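Be aware that the sequence shown starts at 2, since it is given in our numbering, and climbs by one per residue. Think of the CB as a built atom: it goes at the ideal place given N, C-alpha and C, for glycine as much as any other residue. For clarity, every value in this text was computed on a predicted model and none was experimentally measured. What follows is a set of notes on a single structure, which appears directly below.
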Amino acid sequence: MKTQHGLAVISAILVVALVASAASFMAWQQQLWVRQVENLSEQAQSRAVVQAAMQWARSILAQDARDNQVDHLGEGWANALAPLPVDGGELTGRLVDQQGLFNLNNLVRSGGTSAADIAVFRKLLGLLALPPELAALVADWIDPNADVTYPGGAEDSDYLALDPPRRAANRPLTTVDGLARLKNFNADALERLRPFVTALPQPTPVNVNTAPPEVLAAVIPDLTLDQAREMVKAREDRHFKDIADFRAHLPKSVGQINEALLSVGSRYFLVSGHARFGRAKVGLQALLERESTAWPKLVWQKNI
């Protein structure tokens, strides 16, 4: 009898333990489910808020176009959106003029390589201590033909010999990240070049009011980097109202310039937005195209 009573007590303890374990497991599962629902809700709110950053950018650009046709770094669009508190989180955003950078797709115009733009890109590469031959490599990747540009170019025969093999794109770049697929274009070269180049869907002039010194020096053949830095510093007090004004402020040592490669206004802007709700963080990046005073169009967007 004592043995049976002892077994009954042990069985009762085991049942209680199992019930307690099951209850704990169910409670943990419920907490996990609640946490997942909260995360999904916070992510949805973050995505909705970060979309608001794009609408903010469009509104700023449209208003700026109505005000004037000159774009410079003293305008409202150039100021980053400070962390803006929203219910349960915050939103940040900024706009960057893409025409202050060298457009890699300028290297090919009307189906053929552009000697003037290749010269600009070669000078930029030199200023960044990168091999100037990379200019031919990028041009061959973009141009629609199979002719190798010398020195430094590469076409299908070169890319098919790589591991893994691939073909030249023979079409414009969509983003600067596309350079990673080019032969001999390593990560270091890409990161050194990234702050000074862009990939826009059509040829564009360089905005002399927003270009960094390296790009400004590259697009003006006789302009040194030190001279470009001085012009950028002076530009902080007074932007260039037109190309004639810009030309008047060039050093006397600078000869003829190609005005077709220059502008004081821009059409393409990159908007970046970040939103946080609770534990959820969402980032978005988009390229906007502004035509006159019309509502800016979305060219592409991606999560970051």
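Residue interval of the alpha helix (DSSP H) (run including residue i)
i: D142; result: Reading off the sequence, residue 142 comes out as Trp, not Asp. First-last of the alpha helix (DSSP H) with W142: 135 to 143.
i: L127; result: At residue 127 the sequence reads Gly, which differs from the Leu that was named. Start and end: 116 to 128.
i: L191; result: 188 to 194
i: E231; result: 226 to 236
i: I244; result: 244 to 249
Limits of the beta strand (DSSP E) - the one that residue i falls within
i: G274; result: 269 to 278
i: E290; result: 281 to 290
i: V87; result: 82 to 87
i: D72; result: Segment: none, D72 is in no beta strand (DSSP E) and carries neither H nor E.
i: L92; result: 90 to 98
i: V300; result: 298 to 304
Buried versus exposed, by CB contacts within 10 Å (16 or more), residue i
i: G101; result: buried
i: V38; result: Unreliable positioning characterises V38 in this predicted model, as indicated by a pLDDT of 46, which lies under 50. A coordinate reading is not provided.
i: Q99; result: buried
i: N208; result: buried
i: I61; result: buried
i: R36; result: Because the pLDDT at R36 is just 49, under 50, the model does not fix this residue reliably, and the value given afterwards should be weighed accordingly. Exposed, by the Cβ-count rule.
i: R236; result: buried
i: G179; result: buried
i: A224; result: The residue you asked about is not Ala; residue 224 is Leu in the sequence shown. It is buried - the Cβ of L224 has at least 16 other Cβ atoms within 10 Å.
i: W301; result: exposed
i: N106; result: buried
i: L92; result: buried
i: I305; result: exposed
Distance between residue j and residue i (C-alpha atoms, nearest Å)
i: N40; j: R280; result: With a pLDDT of 47 at N40, under the threshold of 50, the modelled position of that residue is not reliable, and the figure given next carries that caveat. N40 and R280: Cα-Cα distance of roughly 7 Å.
i: A1; j: R59; result: Only positions 2 to 305 of the chain appear in this structure, which leaves residue 1 out of reach.
i: A287; j: V97; result: 11 Å
i: L263; j: L128; result: 19 Å
i: K124; j: D88; result: 49 Å
i: V283; j: Q257; result: 48 Å
i: P297; j: T150; result: 37 Å
i: R182; j: L289; result: 25 Å
i: D167; j: S158; result: Here residue 167 turns out to be Arg, not Asp, going by the sequence shown. When rounded, the distance between both Cα atoms is 9 Å.
i: V198; j: E215; result: 10 Å
i: T175; j: D238; result: 35 Å
i: A190; j: V177; result: 12 Å
CA nearest to the CA of residue i, picked from the options
i: D243; options: A79, D72, Q52; result: D72
i: F186; options: A162, E134, L251; result: E134
i: V255; options: M232, T150, V198, N107; result: M232
i: L138; options: A162, K184, L126, V220; result: K184
i: R291; options: P166, P202, A276, L174; result: P202
i: A218; options: D238, A188, P252, L92; result: P252
Beta carbon of residue i nearer than 8 Å to that of residue j
i: N104; j: P213; result: no
i: A169; j: E156; result: yes
i: G90; j: W57; result: no
i: D144; j: T114; result: yes
i: V109; j: A63; result: no
i: G274; j: A81; result: no
i: N210; j: H240; result: yes
i: P206; j: A261; result: yes
Residue i at chain C interface by Cβ criterion, 8 Å
i: P196; result: Looking for chain C here will not work: only one protein chain is present.
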